[in-house]
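Q:
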Amino acid sequence: MTVRTVQRLEAGNDGSLDTLARVAEAFGVPVRELFVTVAEDDYGCSVTALDERTTRQQERRGRVEEGCRALNYGVGVLFTIAVVVAVTTDVVPNVAIFLIPAYWVAGWLAAVDVPVPRRPQPAPRPRLSPLPCRD
Numbered sequence: 001m002t003v004r005t006v007q008r009l010e011a012g013n014d015g016s017l018d019t020l021a022r023v024a025e026a027f028g029v030p031v032r033e034l035f036v037t038v039a040e041d042d043y044g045c046s047v048t049a050l051d052e053r054t055t056r057q058q059e060r061r062g063r064v065e066e067g068c069r070a071l072n073y074g075v076g077v078l079f080t081i082a083v084v085v086a087v088t089t090d091v092v093p094n095v096a097i098f099l100i101p102a103y104w105v106a107g108w109l110a111a112v113d114v115p116v117p118r119r120p121q122p123a124p125r126p127r128l129s130p131l132p133c134r135d
């Protein structure tokens, strides 16, 4: 078994039955002990923890999106001023004025979420959890 296979298992990725059997044999436990079960009375805590993590990730993503949007606006204002000054002082031809709407349309298109078609995914298999440390 390679180090990369062990890393994949530790990360929670699926492993073949043969791989799982080898890991279980190395630890001297049955294969079923490699899987975590959540007690029925702990379902609520597990789901709540997942919901909280999802909320934190969405808030973080929202802050990044707001930062990118603010950066786009700031650069856009500076770019617009620079083009207007350059055109009025005859540094660039008057046609350069069309760069201003081009910038703003490109920024708007970059901010629009376009759904990407995805292939249907197979049903998920049970995932391994990290093995507890043994002394």
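So the sequence shown is numbered by this note's numbering: it starts at 1 and just counts up by one. Where a beta carbon is used, it is the ideal one built from N, C-alpha and C, also for glycine.
(1) Can you tell me whether V23 is buried or exposed? The criterion is at least 16 other CB atoms within 10 Å of its CB, across all chains shown.
(2) Where does A11 land, buried or exposed, given buried means 16+ other C-beta within 10 angstroms?
(3) Pick from L71, A86, A82 and V92: whose alpha carbon is nearest that of W108?
(4) On a CA-only basis, which of D90, F98, P93 and E65 is nearest G80? Give me that one, please.
(5) Would DSSP call P151 helix, strand or coil?
(6) Check whether the Cβ atoms of G76 and Y103 sit closer than 9 Å, and answer yes or no.
(7) Under the rule that 16 or more other beta-carbon atoms within 10 Å means buried, what is L17, buried or exposed?
(8) Taking the alpha helix (DSSP H) that V23 falls in, what are its first and last residues?
(9) Following the continuous alpha helix (DSSP H) through V3, name the residue where it begins and the one where it ends.
(10) Please state whether DSSP places F35 in a helix, a strand or coil.
(11) Between T2 and G15, what straight-line distance do the alpha-carbon atoms span, to the nearest angstrom?
(12) I'd like the list of long-range same chain contacts for D51, defined as Cβ closer than 6 Å, with 5 residues on each side in sequence excluded.
(13) Measure the alpha-carbon distance for G62 versus V105 and round it to whole angstroms.
A: Taking the geometry as given:
(1) Position 23 of the sequence shown holds residue 23. It is buried - the Cβ of V23 has at least 16 other Cβ atoms within 10 Å.
(2) For the purposes of this step, residue 11 is identified with residue 11 of the sequence shown, where counting begins at 1. A11 comes out exposed.
(3) Taking the first residue of the sequence shown as position 1, residue 108 is located at position 108. The option with the nearest alpha carbon to W108 is L71.
(4) What you label residue 80 is simply residue 80 of the sequence shown in a count that begins at 1. Going by the sequence as given, residue 80 is Thr instead of Gly. With distances taken between Cα atoms, T80 lies closest to F98.
(5) Outside the shown range of the chain, which is 1 to 135, sits residue 151, and nothing can be said about it.
(6) In the sequence shown, residue 76 corresponds to position 76, counting from 1. In the sequence shown, residue 103 corresponds to position 103, counting from 1. Going by C-beta atoms, G76 is nearer than 9 Å to Y103.
(7) For the purposes of this step, residue 17 is identified with residue 17 of the sequence shown, where counting begins at 1. It is exposed - the Cβ of L17 has fewer than 16 other Cβ atoms within 10 Å.
(8) In the sequence shown, the residue the question calls residue 23 occupies position 23. Residues L17 to F27.
(9) Within the sequence shown, residue 3 is the residue found at index 3, counting from 1. Here the alpha helix (DSSP H) through V3 covers V3 to E10.
(10) Taking the first residue of the sequence shown as 1, we reach residue 35 at position 35. The answer is coil: DSSP assigns F35 none of H, G, I, E or B.
(11) Position 2 of the sequence shown holds residue 2. Position 15 of the sequence shown holds residue 15. Using only the alpha carbons, I get a separation of about 12 Å.
(12) Stepping through the sequence shown from its first residue, residue 51 is reached at position 51. So the list is empty, once near-sequence residues are dropped.
(13) Counted from its first residue, the sequence shown places residue 62 at position 62. Counted from its first residue, the sequence shown places residue 105 at position 105. Rounded to the nearest angstrom, the two C-alpha atoms are 22 Å apart.
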